[in-house]
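Q: Taken in order, these protein sequences are the chains called A, B, C, D, E, F, G and H.
121 is the number of the first residue of the first sequence in the numbering used here; add one for each residue after it.
121 is the number of the first residue of the second sequence in the numbering used here; add one for each residue after it.
121 is the number of the first residue of the third sequence in the numbering used here; add one for each residue after it.
121 is the number of the first residue of the fourth sequence in the numbering used here; add one for each residue after it.
35 is the number of the first residue of the fifth sequence in the numbering used here; add one for each residue after it.
35 is the number of the first residue of the sixth sequence in the numbering used here; add one for each residue after it.
35 is the number of the first residue of the seventh sequence in the numbering used here; add one for each residue after it.
35 is the number of the first residue of the eighth sequence in the numbering used here; add one for each residue after it.
Ideal placement from N, C-alpha and C gives every residue a C-beta, glycine not left out.
Predicted model, so just to flag it, every value in this text is computed and none were measured.
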Amino acid sequence: MPMRTPKAVKITLNGEEREIPAGLTIRDLLAHLDLHERLVVVERNKEIVRRNRYAEVPVDAGDTLELVHFVGGG
Amino acid sequence: MPMRTPKAVKITLNGEEREIPAGLTIRDLLAHLDLHERLVVVERNKEIVRRNRYAEVPVDAGDTLELVHFVGGG
Amino acid sequence: MPMRTPKAVKITLNGEEREIPAGLTIRDLLAHLDLHERLVVVERNKEIVRRNRYAEVPVDAGDTLELVHFVGGG
Amino acid sequence: MPMRTPKAVKITLNGEEREIPAGLTIRDLLAHLDLHERLVVVERNKEIVRRNRYAEVPVDAGDTLELVHFVGGG
Amino acid sequence: MTVVTDRIDLPDERLEIAGRGFQSRLILGTGKYKDNETMVGALAASGTEIVTVAVRRVDLDRSKEEGILYHLDQERWLLLPNTAGCYTAEDAIRYARLGRAAGFTDWIKLEVIGDQATLLPDTQGLIEAARTLVAEGFKVLAYTNEDLITALKLEEIGVSAVMPLASPIGSGLGLLNPFSIRLIKSRISVPVIVDAGVGTASDACVTMEQGVDGILMNTAIAEAKDPVRMAAAMKRATEAGRLSYLAGRMPRREQAVPSSPLRGMLD
Amino acid sequence: MTVVTDRIDLPDERLEIAGRGFQSRLILGTGKYKDNETMVGALAASGTEIVTVAVRRVDLDRSKEEGILYHLDQERWLLLPNTAGCYTAEDAIRYARLGRAAGFTDWIKLEVIGDQATLLPDTQGLIEAARTLVAEGFKVLAYTNEDLITALKLEEIGVSAVMPLASPIGSGLGLLNPFSIRLIKSRISVPVIVDAGVGTASDACVTMEQGVDGILMNTAIAEAKDPVRMAAAMKRATEAGRLSYLAGRMPRREQAVPSSPLRGMLD
Amino acid sequence: MTVVTDRIDLPDERLEIAGRGFQSRLILGTGKYKDNETMVGALAASGTEIVTVAVRRVDLDRSKEEGILYHLDQERWLLLPNTAGCYTAEDAIRYARLGRAAGFTDWIKLEVIGDQATLLPDTQGLIEAARTLVAEGFKVLAYTNEDLITALKLEEIGVSAVMPLASPIGSGLGLLNPFSIRLIKSRISVPVIVDAGVGTASDACVTMEQGVDGILMNTAIAEAKDPVRMAAAMKRATEAGRLSYLAGRMPRREQAVPSSPLRGMLD
Amino acid sequence: MTVVTDRIDLPDERLEIAGRGFQSRLILGTGKYKDNETMVGALAASGTEIVTVAVRRVDLDRSKEEGILYHLDQERWLLLPNTAGCYTAEDAIRYARLGRAAGFTDWIKLEVIGDQATLLPDTQGLIEAARTLVAEGFKVLAYTNEDLITALKLEEIGVSAVMPLASPIGSGLGLLNPFSIRLIKSRISVPVIVDAGVGTASDACVTMEQGVDGILMNTAIAEAKDPVRMAAAMKRATEAGRLSYLAGRMPRREQAVPSSPLRGMLD
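(1) Helix, strand or coil: which one does DSSP assign to G192(C)?
(2) Which whole-angstrom value describes the C-beta separation of M242(E) and G206(F), a residue pair presumed to lie in contact below a C-beta threshold of 8 angstroms?
(3) In the DSSP assignment, find the unbroken beta strand (DSSP E) run with Q55(E) in it and report its ends.
(4) Which residue comes first and which comes last in the beta strand (DSSP E) that contains K173(G)?
(5) When you compare the CB of D301(E) with every CB in chain A, is at least one pair closer than 8 angstroms?
(6) Do the CB positions of T122(H) and V87(H) come within less than 8 angstroms of each other?
(7) From the beta carbon of A175(B), is the nearest beta carbon of chain E less than 8 angstroms away?
(8) Mind checking which residues open and close the alpha helix (DSSP H) that includes M242(H)?
(9) If I'm right that I203(H) touches P292(G) with Cβ under 8 angstroms, what's the distance once you round it to whole angstroms?
(10) How is G133(E) classed by DSSP in three states: helix, strand or coil?
(11) Are the beta-carbon atoms belonging to T302(H) and N179(H) less than 8 angstroms from one another?
(12) Could you check the C-alpha separation between E186(D) and R164(D) for me, to the nearest Å?
(13) Would you kindly report the start and end of the unbroken alpha helix (DSSP H) that includes P292(G)?
(14) With 8 angstroms set as the bound, which would you pick, yes or no: does the beta-carbon of S58(G) sit closer than that to a beta-carbon of chain D?
(15) Determine contact between the stretch 276-283 of chain G and the stretch 256-273 of chain H, defined as no fewer than three beta-carbon pairs at a distance below 8 angstroms.
(16) Please list, in chain order, the residues of the stretch 134-162 of chain C that have any C-beta partner in chain G closer than 7 angstroms.
(17) Select from E273(H), K68(H), F172(H), V232(H) the residue whose C-alpha is nearest the C-alpha of L49(H).
(18) Determine the chain E residues that contact G193(A) at a beta-carbon separation under 8 angstroms, and present them in chain order.
(19) Under 8 angstroms Cβ to Cβ from G231(H), same chain only, skipping five residues before and after it: list those, please.
(20) Less than 8 angstroms between CB atoms is the rule here; does N179(E) satisfy it with respect to chain B?
(21) Would you identify the three-state DSSP class for D154(A), choosing helix, strand or coil?
(22) On the premise that D247(E) lies in contact with I227(E), defined as a C-beta separation below 8 angstroms, what is that separation, rounded to the nearest angstrom?
(23) Hey, could you find the ends of the alpha helix (DSSP H) G75(H) is sitting in?
(24) How about L113(E) and L106(E): are their beta carbons less than 8 angstroms apart?
(25) Spell out a yes or no on whether the stretch 173-192 of chain C and the stretch 125-142 of chain C are touching, meaning 3 or more CB-CB pairs, one atom from each, closer than 8 angstroms.
(26) Pull the bridge partners of V232(E) from the DSSP assignment, please.
(27) So T82(G) and W111(G) are supposed to be a Cβ contact under 8 angstroms. How far apart are they, rounded?
(28) Would you say E189(H) and S220(H) are within 8 angstroms of each other, going by their C-beta atoms?
(29) Can a CB atom of chain F be found closer than 8 angstroms to the CB of L185(A)?
(30) Could you give the distance in angstroms between the alpha-carbon of V174(H) and the alpha-carbon of V262(H)?
(31) Determine the chain G residues that contact I203(H) at a beta-carbon separation under 8 angstroms, and present them in chain order.
(32) K187(G): buried (16+ other C-beta within 10 angstroms of its C-beta) or exposed?
(33) Within the 8 angstroms Cβ cut-off, does D149(H) reach chain E?
(34) Within its chain, find whatever has a CB closer than 7 angstroms to the CB of R171(B); leave out the 5 residues flanking it on each side and keep chain order.
(35) Quick one: what does DSSP say D46(G) is sitting in, helix, strand or coil?
(36) Once DSSP output is grouped into helix, strand and coil, what is the label at N116(H)?
Structure follows, in structure tokens:
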């Protein structure tokens, strides 16, 4: 995907420090990670982000993101 | 049914003394008792009488007959 | 026992309204009720009264007293 | 023990062929084997030999003897 | 469900007694029902293919009444005469012969009872009667107790099935001694069919889980408040126990093991 | 069989949770299967209509892999997220909210675990989390222990189902305390679904015979040697136990009662 | 017998609660006896060293009657007041304080009941009351259910003994859940005393074989047809279970092993 | 304790076999002990008055070795020879005669084994051997299975005691079928002594609670980690079960009943 800006930002993604392009939205990030929006829930700084807001919500430096989905369980 | 002879004979039928017309065959007796041959087994003096012999086997005075069939059981 | 005063006071004793002579101490009351101090515990207005203070602690009008002891139990 | 006679005889003793001096009594045999009479029962040719007859009963050639006693068991 | 249906239709899964195959592992008695409609409804709901009947005198005072044969379609159900009520080998043999004559079949559920209060089998009389009847060409299904030694003797005599009890006839006490039943099954090659004592569906299920080949019951269904529904329960319980036995249960453990993954938890 | 099928289709016989009706009284977990094909085969064979799933992080290194949603047809099965692995009310609430966001449903199987070795519930944390989630509009199915007092509190809070354990998760020890389960059922009006501990078909059957409304299981099927066949067994065992409970079992007796008539014996 | 007596007198074999040692592992309640003579006879026959009593109002109309203290030699038996009948932590605390004032001891058998029909404990109230009473210096023996998590919390709070039930008070149903009791014992270091539900001697024996430290009972003795004889039975059953636990049982096997030698058989 | 001791010394409480009375209801085998000291210690700790021994060939290669008679004081213990290892009536009769000759007693514990793997009795051979030995004046204590019918036949033959098994010899599986044992006891007037299968103290206790007259055991003590201590446990468990049976247990109830009075609670 085309970089919108040269800068990169640090975030905590699923417990790991990661550097990602600056200025991404949640939608951009999921696309960047090749994840289907329908199958993933995004928690940003302990707040769940509604799917219909993925295009608006930015991923800022220092954000803590959890990307979760369903797995087999009893 | 028409009496073939005036005389009557005593037999033990299913544990009870009975008087029946003399000269009957097993087949006659079953008819006399209004029992279906197919559903009844005849034991005569502790010997089982085959169905195909009902017409020949006589019921003699003093015979002990047991007429049995299937009933519900476990 | 000799009345120390003509007046009487109302108290709640083991859940029942009772009239007793005025000016009694706990010790007087137990004697009055013919109860052995050693076998009874006195709760006055939800406070347990130590045995060594029975002689001092008065029974005032309106007091709620519970006199309890051990009974068979599992 | 001193030989009473030069000859020896074959017997089956507790399942094994054995050669023993000829002319022994049961008592002699037990002594020979160093067994206490009180603790052993002798079966000779499938017949139990009473203790009081040990001194009389001979051990003949070809005899089958079983010497048994009590062992721990449930 | 086809997956499974296919599997349980595999020949090796069929119950085979005296060379004859059956889909159902449930054998039902026909006694004690409040009416014939209920009985037939229960037989149908149970899916059974073999039903037992008793041999008794015709009631000459009510000879017009329908006999039980009117209600039992012999195309649908194999009628298995029993020798219930016989206390000697001699009696049992006599009833077996009458049953054969009545039923056009040489199958017999052999009972030789030793005691009126408990209806427990007299194994000595049983062995004696079985020997005679096998020699006469009967296919003997022998009602016996939980004793392995008797079961081994019956097999040696040539019975077609060994039928140890779960508990006394009509008691509904269920499978009192799973160990002995498992033991018999492990040592006997002819079918082992548990006969008598099952009281409820879980009794049937746990009995089949011991690995036995089938179950015979009567009172548990006939005396249930709703016999037809209980018959449907017994059908499922018997299949469930069989499938569970074949599927191979998980191990028992005294500690817990999570069903959901430990990894992937959030911070 | 129609007789019976009709009967068990009667509305009053359907399992109703939070206003939604189900034909099957079996709820299955989706953990621990050796592969997804086996899991789907087992779900199908079991006839279940509700399956539980866990909420976990996406594995970013293998993000291309199919998630479990690819395998679970949501038209066929209601996905019930759980809070497995949560040791505090706070965590459980967090996972419940994530589950709701992921699953488009407000149903949650609530677990608050009190001990890692036994996975037994922390009833205090459970009650606290249940209170919050019910207030947020969740339909809470609460995994709890055999304690009646806790069950009464959960019902008062407004949970949609009380789910006492049969024995510890993944232990396969079966129904250790039928009395307590029967007791809970007799005092609770919301559905009582026994969750965890069932090891084999007869465990499921005897559990349903206590009168409970359903059973949730995972390991008993996933860890059977043949999971699909065990699932078929569990379907039948659960139906059998339910039908048996509804049919009303015969009385237990310590003496025998003949199944064949006493009268009509020969001389 | 001295051999054995010596052994069970070893200090490490004594039951130690709150720093005090006891030879007997049996604690008896004093309720429900038909008369005081029978009660004292039973206490004597049982060999108990601790007996529980309840705290109740003096009956002012019959104040001359002997209280139970006349019958209980406090040199011989430690009187353990209980909080039976209390449904809140607050009530239980109040009764505990009254018991301490009455009994010159700071030991308390703490009960916080959650339901009148079952007398099952309210573990939340129990934990709350235990925390307060431990802080006030009480030696708390806490009547609880079979839940390990609650037991762990009680131990952390500092109770002197955890007392899980075998089955409901006065039910006589025996040890319903040996697994949970064993589990609690395996995780708790303060004494575990099974309280309530024992119905007969074998219940006491099998309970002690789980490895617990003692048993508290009342109804099983008071309601036996012959309470004194049952007390003697319970003494032996409790010692037997303890000795058996310490002795280490033989392994269970599904095959037989002869007790008499195979060699030395005759031809 | 005198109260109780007195009671259990009452003549009618003594175990009486073939006209001879015993204080102890425990009979011990002498097989499988690691050494004679342990065996004697266990016999002493158990309080038994009857011990069984086997009849075997003298080992001529080690004839100097002490026989078991050196260790068994015949003043203290009645030696009961058995026919262990015999598979036919003929063999059993032969061993019984040898036992009588060796033991100066005409008591015999009669075993006719039907199968090597399970050591279960061959009841046909047993009955045949019992008939012969009773005719020869033996006091026959017959090891049999749980079958009532066989027990009735043995009593009719004139055996001095019927000894049904709890479970197979040396298995330690305990009392598998309490119902059958209770049934036998209810129908037999000679002493019923449960022989074989007891594994631990609670097995002995629950067995005696069925009302039987005594128990014979060997492996449970000989193979315990600490045989002497287990023997002490078995002594108490047997007495406890007997006393409990005589005392008459409380009724079982599915609801709770308080042990402390309801009246007299505070406001």
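A: Short version:
(1) Counting from one through the third sequence, the residue named residue 192(C) turns up at place 72. G192(C): strand per DSSP, three-state reduction.
(2) The residue given as residue 242(E) occupies position 208 in the fifth sequence. The residue given as residue 206(F) occupies position 172 in the sixth sequence. Wrong, their Cβ atoms sit about 18 angstroms apart, outside the cutoff.
(3) Along the fifth sequence, one-based indexing puts residue 55(E) at 21. Residue identity check: residue 55(E) is Gly in the sequence provided, not Gln. That run of the beta strand (DSSP E) goes 54-56.
(4) Within the seventh sequence, numbered from 1, the residue matching residue 173(G) stands at position 139. Taken as a continuous stretch (DSSP letters only), the beta strand (DSSP E) holding K173(G) covers 173-178.
(5) Taking the first residue of the fifth sequence as 1, we reach residue 301(E) at position 267. It does; some Cβ of chain A falls within 8 angstroms.
(6) Counting from 1 along the eighth sequence, the entry for residue 122(H) is found at position 88. Counting from 1 along the eighth sequence, the entry for residue 87(H) is found at position 53. Going by C-beta atoms, T122(H) is not nearer than 8 angstroms to V87(H).
(7) As a position in the second sequence, residue 175(B) is number 55, starting the count at 1. No, because no Cβ of chain E sits closer than 8 angstroms to the Cβ of A175(B).
(8) Residue mapping note: residue 242(H) aligns to position 208 of the eighth sequence, counting from 1. Here the alpha helix (DSSP H) through M242(H) covers 235-243.
(9) Counting from one through the eighth sequence, the residue named residue 203(H) turns up at place 169. Counting from one through the seventh sequence, the residue named residue 292(G) turns up at place 258. The pair is a contact, with the Cβ atoms about 6 angstroms apart (cut-off 8 angstroms).
(10) Position 99 of the fifth sequence holds residue 133(E). Three-state result, G133(E): helix.
(11) Chain H is shown only over 35 to 301; residue 302(H) falls outside these bounds and no answer can be derived.
(12) Your numbering for residue 186(D) matches position 66 in the fourth sequence. Your numbering for residue 164(D) matches position 44 in the fourth sequence. Answer to the nearest angstrom: the Cα atoms are 7 angstroms apart.
(13) Counting from 1 along the seventh sequence, the entry for residue 292(G) is found at position 258. Per DSSP, P292(G) belongs to no alpha helix (DSSP H) and is neither H nor E.
(14) The count along the seventh sequence starts at 1 and reaches residue 58(G) at position 24. It does not; no Cβ of chain D falls within 8 angstroms.
(15) yes
(16) N134, L153, D154, L155, L159, V160, V161
(17) Stepping through the eighth sequence from its first residue, residue 49(H) is reached at position 15. Minimum Cα distance to L49(H) is reached at E273(H).
(18) For the purposes of this step, residue 193(A) is taken as residue 73 along the first sequence, with counting starting at 1. Near G193(A) (Cβ distances below 8 angstroms), the residues of chain E are S293, S294, P295.
(19) Along the eighth sequence, one-based indexing puts residue 231(H) at 197. Excluding residues within five positions, the ones whose Cβ falls inside 8 angstroms are L199, A200, S201, P202, I203, S205, G206, L207, G208, L209, L210, D237.
(20) Position 145 of the fifth sequence, counted from the first residue, corresponds to residue 179(E). By this cut-off, N179(E) is not an interface position.
(21) Indexing the first sequence from 1 puts residue 154(A) at position 34. Residue state, collapsed to three classes: coil.
(22) Position 193 of the fifth sequence, counted from the first residue, corresponds to residue 227(E). Position 213 of the fifth sequence, counted from the first residue, corresponds to residue 247(E). The pair is a contact, with the Cβ atoms about 6 angstroms apart (cut-off 8 angstroms).
(23) Counting from 1 along the eighth sequence, the entry for residue 75(H) is found at position 41. Note, G75(H): alpha helix (DSSP H), 70-80.
(24) Here residue 113(E) is taken as the residue at index 79 of the fifth sequence, counted from 1. Here residue 106(E) is taken as the residue at index 72 of the fifth sequence, counted from 1. Closer than 8 angstroms, so yes.
(25) yes
(26) On the fifth sequence, position 198 is the one that residue 232(E) refers to. None, per the DSSP bridge assignment.
(27) To locate residue 82(G), count along the seventh sequence from 1; it is residue 48. To locate residue 111(G), count along the seventh sequence from 1; it is residue 77. 7 angstroms between Cβ atoms; contact.
(28) Within the eighth sequence, numbered from 1, the residue matching residue 189(H) stands at position 155. Within the eighth sequence, numbered from 1, the residue matching residue 220(H) stands at position 186. Taking 8 angstroms as the Cβ cut-off, E189(H) and S220(H) do not qualify as a contacting pair.
(29) Position 65 of the first sequence, counted from the first residue, corresponds to residue 185(A). It does not; no Cβ of chain F falls within 8 angstroms.
(30) For the purposes of this step, residue 174(H) is taken as residue 140 along the eighth sequence, with counting starting at 1. For the purposes of this step, residue 262(H) is taken as residue 228 along the eighth sequence, with counting starting at 1. Roughly 29 angstroms between the two C-alpha positions.
(31) To locate residue 203(H), count along the eighth sequence from 1; it is residue 169. By Cβ distance, chain G contributes A290, V291, P292, S293.
(32) Your numbering for residue 187(G) matches position 153 in the seventh sequence. With 16 or more other Cβ atoms within 10 Å, it is buried.
(33) In the eighth sequence, residue 149(H) corresponds to position 115, counting from 1. Interface residue, yes.
(34) Taking the first residue of the second sequence as position 1, residue 171(B) is located at position 51. E157, listed in sequence order.
(35) Position 12 of the seventh sequence, counting from 1, holds the residue named residue 46(G). Note that D46(G) has pLDDT 42, beneath the 50 cutoff, so the model's placement of it is unreliable and no number is given.
(36) Taking the first residue of the eighth sequence as position 1, residue 116(H) is located at position 82. The answer is strand: DSSP assigns N116(H) an E or B state.
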